[in-house]
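The structure appears below as structure tokens.
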Amino acid sequence: MSRRSAARGATPSGRSTERGNAAAPAEVGAMFDRIAAVYDPMNAVISGFQEPRWRRRAVGATRIRPGMAAIDVATGTGKVAAALWRRAQPGGRVLGVDLSPRMIGRAERTFAGRPGLSFVVGDALALPAPDASFDAATIAFGMRNLPDYRAGFAEMQRVVRPGGRVVCLEISRPRSRLARLLAAWFDHAVPLIGRLAGQGEAYAYLVRSVWSYPAPERIAMIMAEAGLADVRWAGMSGGMVTIHVGTVPGAGAAPRTGPEPSARTGIRPAARGDAGVRDVAPGGSQSGP
Ligand SMILES: C[S@@+](CC[C@H](N)C(=O)[O-])C[C@H]1O[C@@H](n2cnc3c(N)ncnc32)[C@H](O)[C@@H]1O
37 MSRRSAARGA
47 TPSGRSTERG
57 NAAAPAEVGA
67 MFDRIAAVYD
77 PMNAVISGFQ
87 EPRWRRRAVG
97 ATRIRPGMAA
107 IDVATGTGKV
117 AAALWRRAQP
127 GGRVLGVDLS
137 PRMIGRAERT
147 FAGRPGLSFV
157 VGDALALPAP
167 DASFDAATIA
177 FGMRNLPDYR
187 AGFAEMQRVV
197 RPGGRVVCLE
207 ISRPRSRLAR
217 LLAAWFDHAV
227 PLIGRLAGQG
237 EAYAYLVRSV
247 WSYPAPERIA
257 MIMAEAGLAD
267 VRWAGMSGGM
277 VTIHVGTVPG
287 AGAAPRTGPE
297 PSARTGIRPA
307 ARGDAGVRDV
317 APGGSQSGP
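Heads up: the sequence shown is residues 37 to 325, going by this note's numbering.
Shown next, in the form of structure tokens:
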């Protein structure tokens with residue numbers, strides 16, 4: 037490590053063990069602290085301005101309705117949390133949790149003055165919330181940073197009531213030819229753009245952590261091992277991004293608050309900007325734009 041990078045703090049390798057990201061959470065949190073100021077614009081560029089669409093689908097898949105409560109884990113600058121909050125109005129509440137105080141600071145400043153929307157510094161593996169206190173939990177582009185994926189899903193499941201949903205949105209290694217082209221862009225351009233933004237090491241971490249992240253089938257298995265039921269997943273943007281949805285099992289799997297679901301089956305058609313789960317195949321994938 038150069039003296040300059042030592043002064044800025046070590047960047048984690050981004051590689052993973054069998055369980056999860058090999059880096060200590062404190063190292064990961066410190067790295068996100070360093071990139072907090074450039075995080076949103078960098079995300080927009082790297083995703084080809086697709087990330088709002090990906091986030092909308094993830095938020096739609098929670099089935100959060102007015103009056104309900106949700107938690108957004110590894111919330112970063114709070115975009116998913118704020119979208120959940122909008123969906124839960126009137127009367128709903130959303131808590132965004134992140135390890136990085138600077139990310140949380142940005143979320144608080146951006147989304148100030150929204151009653152029921154709050155942000156707190158905390159660890160995804162020890163969420164600051166009682167059991168079954170939310171109707172849904174989300175994690176967007178956060179799971180691959182956790183040292184233990186199964187423990188991460190188990191902790192999200194712990195804080196969601198029976199029948200509620202756990203939704204994970206994450207970058208994945210695509211398989212189609214188009215997707216392999218996109219992957220080449222990701223592998224080469226992302227570290228370069230990161231260097232231009234003065235954060236080359238952090239964005240090299242991003243690429244390595246995506247390479248090390250398990251395939252969607254494996255993530256679905258991990259979710260099931262963590263205790264989630266009815267696990268489904270689907271690819272988006274040619275498989276560059278995958279959304280996984282699982283349901284917290286248990287008796288009395290009724291909504292904690294809010295109106296009853298309208299669909300008899302519990303699977304409702306996807307509305308505009310709403311992934312629902314209609315297009316998330318059980319235990320399988322479906323790539324699409
Ligand atoms: C790539 S960002 C994603 C942020 C946001 N969810 C989004 O969609 O833009 C990953 C976030 O995970 C957070 N993070 C990493 N490890 C964490 C942990 N163990 N507990 C909570 N947050 C964590 C980082 O601080 C960072 O803000």
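Glycine included, C-beta positions come from ideal geometry on N, C-alpha and C.
Being a predicted model, the structure only gives us computed values, none of them experimental.
Going by alpha carbons, who is nearest to residue i out of the options?
i      : options                           : result
Thr278 : Asp223, Glu253 and Glu206         : Glu206
Phe147 : Ala94, Ala219 and Ala119          : Ala119
Arg101 : Glu253, Ala270 and Arg201         : Arg201
Arg268 : Gly282, Ala262, Ile258 and Glu261 : Gly282
Pro285 : Arg142, Ile258, Arg194 and Pro164 : Arg194
Gly127 : Thr113, Ala143, Ala110 and Leu153 : Leu153
His224 : Arg244, Ser212, Leu214 and Arg213 : Arg244
Ala62  : Pro227, Pro48 and Arg209          : Pro48
Quick one: is residue i buried, meaning 16 or more other Cβ sit within 10 Å of its Cβ, or exposed?
i      : result
Trp90  : buried
Thr301 : In this prediction, Thr301 has a pLDDT of 24, which is less than 50 and means its spatial position is unreliable; what the coordinates show is noted afterwards. That one is exposed.
Arg145 : exposed
Gly149 : exposed
Val81  : exposed
Leu182 : buried
Asp108 : buried
Is residue i near ligand 1, in the sense that its beta carbon is under 7 Å from a heavy atom of that ligand?
i      : result
Val226 : no
Phe222 : no
Thr111 : yes
Met276 : no
Gly230 : no
Gly65  : yes
Ser154 : no
Ser273 : no
Leu264 : no
Pro166 : no
Gly178 : yes
Phe85  : no
Val22  : Lying outside 37 to 325, the shown extent of the chain, residue 22 is not represented and no answer is given.
Leu182 : yes
Val281 : no
Val74  : no
Met192 : no
Leu120 : no
Ala187 : no
Since residue i sits in a beta bridge, which residues does DSSP pair it with?
i      : result
Ser52  : Asn57
Glu206 : Thr278
Ile107 : Leu131 and Ala173
Thr283 : Arg201 and Ala265
Met272 : Val277
Just list the beta strand (DSSP E) runs in the stretch 120-164, keeping only unbroken ones of 3 residues or longer that don't cross its boundaries, in chain order.
129-134 and 153-157
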